[in-house]
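The listed protein sequences derive, respectively, from chains A and B.
For the first sequence, the residue numbers in the working numbering are 1 to 526.
For the second sequence, the residue numbers in the working numbering are 527 to 843.
Yeah, the Cβ is synthetic: ideal placement off N, Cα and C, and Gly gets one too.
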Amino acid sequence: MTQIKQLETLLRQGKISRRDFLKRAGALGAAGAAPLSMLGASPAFAAKRGGRLRLGLAGGSTDDTLDPGTITDFFMQVLTHAIRSNVTEIAPDGSLVGDLAESWEGAPGAKEWNFVIRRGVEFHNGKTLTAADVVASLRHHIRPDSTSAMKGPLEQIESLRALSPRLMQVKLKTGNADFPYTLTDYHLGVWPEDESPLQGTGTGPFILGDFEPGVRASARRNPNYHKEGRPFFDELAITAIEDASARSNALRAGEVDAINRVEYKTANLMDRLPGINVLSITGTGHYTIPMFADVAPFNDVNVRRALRWAIDREALLQTIINGHGAVGNDLPIARHQPFYNTSLEQRTYDPDKAKFHLKQAGLSSLDVQVSTADAAFSGAVDAAVLYKEHAAKAGINIDVVRESSDGYWSNVWLKKPWVFCFWGGRPTQDQMWTVAYQKGADWNDNHWYNDRFQSLLLQARAEVDEELRREMYWEMQELHWDEGATIVPLFNNFVSGVSSKIATTGTISGTAEMDGYRATERWWFA
Amino acid sequence: MGLLQLVAKRLGFGLLALFVITVLISLGVEVLPGDLAQSILGQSAAPDTVAALRRELGLDRPLHVRYGEWLFNFLQGDMGTSLANKREISELIGQRLLDTLFLAVAAAVVAVPLALALGVLAALYRETLFDKTISMVTLGFISLPEFLIGYILVALFAVQVNWFPAISNITPDMPFLSQLYASALPVAALTFVVVAHMMRMTRAAIVNLMQSPFIEMAQLKGIAAARIIVHHALPNALSPIINVIVLNLAYLVVGVVVIEVVFVYPGLGQLMVDSVRVRDLPVVQACVLIFGATYILLNLTADILSIIGNPRLRHPK
Chain A
1 MTQIKQLETL
11 LRQGKISRRD
21 FLKRAGALGA
31 AGAAPLSMLG
41 ASPAFAAKRG
51 GRLRLGLAGG
61 STDDTLDPGT
71 ITDFFMQVLT
81 HAIRSNVTEI
91 APDGSLVGDL
101 AESWEGAPGA
111 KEWNFVIRRG
121 VEFHNGKTLT
131 AADVVASLRH
141 HIRPDSTSAM
151 KGPLEQIESL
161 RALSPRLMQV
171 KLKTGNADFP
181 YTLTDYHLGV
191 WPEDESPLQG
201 TGTGPFILGD
211 FEPGVRASAR
221 RNPNYHKEGR
231 PFFDELAITA
241 IEDASARSNA
251 LRAGEVDAIN
261 RVEYKTANLM
271 DRLPGINVLS
281 ITGTGHYTIP
291 MFADVAPFND
301 VNVRRALRWA
311 IDREALLQTI
321 INGHGAVGND
331 LPIARHQPFY
341 NTSLEQRTYD
351 PDKAKFHLKQ
361 AGLSSLDVQV
371 STADAAFSGA
381 VDAAVLYKEH
391 AAKAGINIDV
401 VRESSDGYWS
411 NVWLKKPWVF
421 CFWGGRPTQD
431 QMWTVAYQKG
441 ADWNDNHWYN
451 DRFQSLLLQA
461 RAEVDEELRR
471 EMYWEMQELH
481 WDEGATIVPL
491 FNNFVSGVSS
501 KIATTGTISG
511 TAEMDGYRAT
521 ERWWFA
Chain B
527 MGLLQLVAKR
537 LGFGLLALFV
547 ITVLISLGVE
557 VLPGDLAQSI
567 LGQSAAPDTV
577 AALRRELGLD
587 RPLHVRYGEW
597 LFNFLQGDMG
607 TSLANKREIS
617 ELIGQRLLDT
627 LFLAVAAAVV
637 AVPLALALGV
647 LAALYRETLF
657 DKTISMVTLG
667 FISLPEFLIG
677 YILVALFAVQ
687 VNWFPAISNI
697 TPDMPFLSQL
707 YASALPVAAL
717 TFVVVAHMMR
727 MTRAAIVNLM
737 QSPFIEMAQL
747 KGIAAARIIV
757 HHALPNALSP
767 IINVIVLNLA
777 YLVVGVVVIE
787 VVFVYPGLGQ
797 LMVDSVRVRD
807 LPVVQACVLI
817 FGATYILLNL
827 TADILSIIGN
837 PRLRHPK
C-alpha cells in the first residue's frame, strides 16, 4: 500500500503521468484500490451525497466574529465560504468563474464593470438575492469607519450601484483588468442588506447552526444552494484544534475527517499511515525576507544582490519545510500563476557571486542585522540562523535578532529595516505587487521604488490586451529579480491530512488550503 | 477570635486582594506590546482601520477612564462585553466555567480518594516494596510534563485501541454520561498529575506523626497498625493534607490550560490565554477574578477545615 501511496504522491506532484501511474499501479496489482479521485475522475457522476463532514482546523480563536471584514485566520475563512458566496470564484484549475454573478463585462479601459447577478438565488432565510445585497455587503468594507482589512484594496472603487435587481455596476478610479478577481477575496462574502453580518445568513452551501468562537461551528446542508447538486455533505462540523499533535491525533483516531496545517516535519510520517492521505499542494504562499531599499546598506543594489546570492534555498527547503514546497526565485509570484516570467534564471546559492557583488558595492565584508521570530512563519528563527551560516561563506556577517513573536506584526514588520515575513500570496500579479510593492501601499515592506516598475504596474493594471500585459509583467518581474529588495527563498505547500474516506475531484485548488477554503462544497464521502 | 469573625476578616482581605489584582492586570495588559485593534487586524492592520477599530472599541481613551468605567459596571454586576467578539462576557464565560468546573470536579472525585488511600497504604507499609513502587511511580508522574502525559494517554487509548476519544469535544446539550466519557482522558491525565502530590503529602504527614509519644502509646497498647493510622494518626495529620488537597483543587480549576489545549477541551484557561493574546481586557479581568476568587475561597475553606479538625484551634483559650 505504501508503494501505491508513493505513486499517488508522485502523480499529485506531477512527477509521473496518469498513464504511468496506471501502469505502475497495475503492476502492483492495486489499481482498483487506488482512489479514482486522484485520476481526475469527473465529479459529476462520481460524487455521492450524504454524511457529516468533520473538520479539525487550526486558526480559530475566541475573538473570532462573523463579521467578514475582520476575518484573519483559517477557521473563519472556511466557515465564511461554507455559509456565504462571493460574486466570483477561482475554480480549482485557477480560472475565474462566476459564483453569485452569472457573467460580467468590463468597459474599455477596465474602469467600469457590470456584473449580472444569477437569477433566483435564495438566502438561507428565504429572501431572494438582489444586486442591492451585493452592493450593501461591499459597502460594509469601504464605509469611512470601516474596520475591514479590505478597506485599502477596495479604495479603487469610485462608485457602486445596483442598476436593477440583477445588475451591479462598479466604477473604478483607475482601470483594473483584474477587478473581478478582487471579488473572490474571502472577506467579500455576501449577506442580506437588511441584516447584520453577525447573524450569519448567506447564500452559501451550508446554513449556520451553532457557532462558538474558538471552539466549534456546525451547519447543515442548504437545499436551495445555487450550484446544482452541491454540497455533497448533509452536515458540517468544524472543531478548532490549535495544537498540531492534537489535530493529527484526532484525525488518526477517526474523530475528524480532515485537518489543516499538518506539520512539515511529520507530514511524511502521516502519509504512511493507513486510512490517511496527505495533500501537499503548492499555492501562492511564500516566505520573504524584505529589506528597506532606502536604508543603508540596503540602498546599494549590489548589497541586495549579494544578499540574494548568499542564501541556500535548497537547504532551507529541505530543513525548514521538509521538502513540502518549492524554492523561490525572488518573485512573490508562484510558477503556476498567470504571466509568470519563465525566462529568468533560477537564483541558487553562490557565495562567489555574492562576494563579487559585495566587491561591486566597494565592500570586502558586510555586517547586517536581520529580525526574526516564529510569528513570521514556523521555522523563521531556524531559517535565519541557517542563512547566517550560508552568508558567512560570502563574507557577510548576519546578526540574527530574535524578536518576540507577540506583537511581531505591529512592532517589527514594517518598522525594522530587514525582517523575516510571510505572505499568503494573491491570485493575480496586480494584487500581489499592489499590496506590498507599490509605492505608498500600507504594507510596502521593502521601499523599493523603481520608477519603471511603478509605472508598468499602473499600465499593466488597466491593460486588457493579454499579450501586452504579459510583456509588462515579464519586465516587472525581471526588474524585481535583478534589483528588488525582497528575497523570496521559498514557496511553502499547504499540507492537509485527509481521511481516505473523502474523495476529491483530483484537481485541488492552489488558491488556499482545503481546496481554496471550499472543501465543504467540493469534496464528498467516497 | 471566633470562626465567623475570622471568615469575615479573611473574606474582606480576599476582596481587597481581588481589587489589587484587577488593577495589576489592567496595568499589565497595557504594558504588553500592541493592543486589541492591532491584534484583531493582525498583519493586515492599516493605520486608518486600526484607528477606526480603536474608536469603535473605546480604546482611544486613557487607561484610568476605561478601568473606572469597567469597575463601576462590574460593581453593579455587569461584566460587560468582550471587546474582541462583542459577546456578553457572562454568556461567554458561563458555559466555559461550567465545563472547567466539570473537569475539575470529575478529576477531584477520582484523584482525592485515590491519593488518600494510596498515602495511607504507603504509610502503613512504609519502606516495603509496595511503598517504594508507589513512590517511584508517583514521583515519575510528577516529573513528566503534563502535556506529555496527555499525549501518551491519547496515543495509547485513543489512537492505538480507540477506547476513548482523542479530543474532548463536549457540548452543553450532551448527556452527562457522554460528557464524562468524552472527558475520560483529560480526567485521567489530571489525576496522574495531582495524585502524586497529595499522596506523598498524606504519607509524609502520617509517617511524621508515627514517631509521636501518643502513637507509641497506642502501639504499646497493642492496637493494630491500620487502626492506629486511620484513627489516631490521620486525624492529627489532616491539617497539612487538607492544605495540599485544596492547593491541588485550585490547580485543577486554574492551571489546566495545557491539558485543555492537548485535549481540545473548551475550558476557561484557553479563553484566558486567547484573551491575553488579543489584549481583550474585560475578558481577561473576568477570568482572573474567577481564578483569584477560586484560590481565595479554597484557601479559606482549607483554613476553616483545619480549624474544625483541630480541637486546639476550635476551642482557643
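Please tell me whether B/G606 has its Cβ less than 8 Å away from any Cβ of chain A. no
Give the straight-line distance between the Cα atoms of A/N176 and A/E158, rounded to the nearest whole angstrom. 12 Å
Using the beta-carbon of each residue, which ones in chain B are nearer than 7 Å to A/N249? V680, A684, V685, A692
Note down, in chain order, each residue of its chain lying with its Cβ closer than 7 Å to the Cβ of B/N762, except the 5 sequence neighbours on either side. L735
Chain-ordered residues of the region 786 to 803 of chain B with a beta carbon less than 8 Å from chain A: V787, V788, F789, V790, P792, Q796, L797, D800, S801, R803
Inter-residue Cα distance where the pair is B/W689 and B/A710: 10 Å
Backbone CA spacing between A/A326 and A/K415 [nearest angstrom]: 28 Å
Proximal residues of chain B, C-beta to C-beta of A/E255 below 9 Å: A684, P691, A692, I693, N695
Considering only residues of the same chain and omitting the five flanking positions on each side of B/A637, which have a CB-CB separation below 6 Å? T717, V720, V721
Residue-level contact to chain A via CB, B/N688, 8 Å cutoff: yes
Under 7 Å from any heavy atom of the ligand ZN, does the C-beta of A/A460 make it? Among the components of this structure there are no ligands whatsoever, and the ligand ZN is therefore not found.
Simplified DSSP state of A/V262, which is helix, strand or coil: coil
Considering only their Cβ atoms, is the gap separating A/K151 from A/H141 smaller than 8 Å? yes
What residues are listed by DSSP as bridge partners for B/P671? In DSSP, B/P671 forms no bridge with anything.
Counting only Cβ pairs nearer than 7 Å, list the residues of chain A close to B/A504. Residue 504 of chain B is absent from the structure shown; chain B starts at 527 and stops at 843.
Can you name the start and end residues of the alpha helix (DSSP H) that A/T62 belongs to? Premise fails: A/T62 is in no alpha helix (DSSP H) and is neither H nor E.
Below 8 Å on the Cβ atoms is my guess for A/A224 versus A/L57; work out the distance and round it to an integer in Å. Looking at the sequence shown, residue 224 of chain A is not Ala but Asn. Their Cβ separation, rounded to whole angstroms, is 26 Å, which puts A/N224 and A/L57 out of contact at 8 Å.
Among B/V576, B/K535, B/S832, B/Y677, which has the Cα closest to the Cα of A/D442? B/V576
Taking all protein chains shown into account, do 16 or more other C-beta atoms lie within 10 angstroms of the C-beta of A/G32, making it buried, or fewer, making it exposed? With a pLDDT of 36 at A/G32, under the threshold of 50, the modelled position of that residue is not reliable, and no figure is offered here.
Assumed close pair A/V78, A/E89 - CB separation to whole angstroms, cut-off 8 Å: Contact flag wrong, Cβ pair sits at about 15 Å.
Expressed to the nearest angstrom, what Euclidean distance is found between the alpha-carbon atoms of B/R840 and B/I834? 6 Å
Starting from A/P290 and walking both ways along the alpha helix (DSSP H), at which residues does that stretch end? First-last for A/P290: 276 to 290, but that is the beta strand (DSSP E), not the alpha helix (DSSP H).
The region 650 to 661 of chain B in contact with the region 779 to 796 of chain B per 3-pair CB rule at 8 Å: no
Delimiting residues of the alpha helix (DSSP H) encompassing A/F206: Counting along the chain, A/F206 falls outside any alpha helix (DSSP H), though it belongs to the beta strand (DSSP E) covering 206 to 212.
By the 10 Å Cβ neighbour count, where 16 or more other Cβ atoms means buried, how is A/V464 classified, buried or exposed? exposed
Could you check what DSSP says for B/M700 in three-state terms: helix, strand or coil? coil
Quick one: residues in its chain with C-beta nearer than 7 Å to the C-beta of B/V546, no 5 flanking neighbours on either side, listed in chain order? none
Would you mind working out which of A/I487, A/V381, A/A244, A/T319 sits nearest A/F292, comparing C-alpha positions? A/I487
Assuming A/W309 and A/D350 are in contact, meaning their beta carbons sit under 8 Å apart, how far apart are those beta carbons, in whole angstroms? 5 Å
Determine contact between the region 797 to 809 of chain B and the region 731 to 745 of chain B, defined as no fewer than three beta-carbon pairs at a distance below 8 Å. no
Within the 8 Å Cβ cut-off, does A/T288 reach chain B? no
Could you tell me whether the Cβ of B/K612 comes closer than 8 Å to any Cβ of chain A? yes
Does DSSP classify A/W523 as helix, strand or coil? coil
By Cβ distance, which residues of its chain are closer than 7 Å to A/N222, with the 5 residues on each side in sequence left out? H124, G204, P205, F206, I207
For B/D806, go through chain A and note every residue whose CB falls closer than 9 Å to its CB, in chain order. T62, D63
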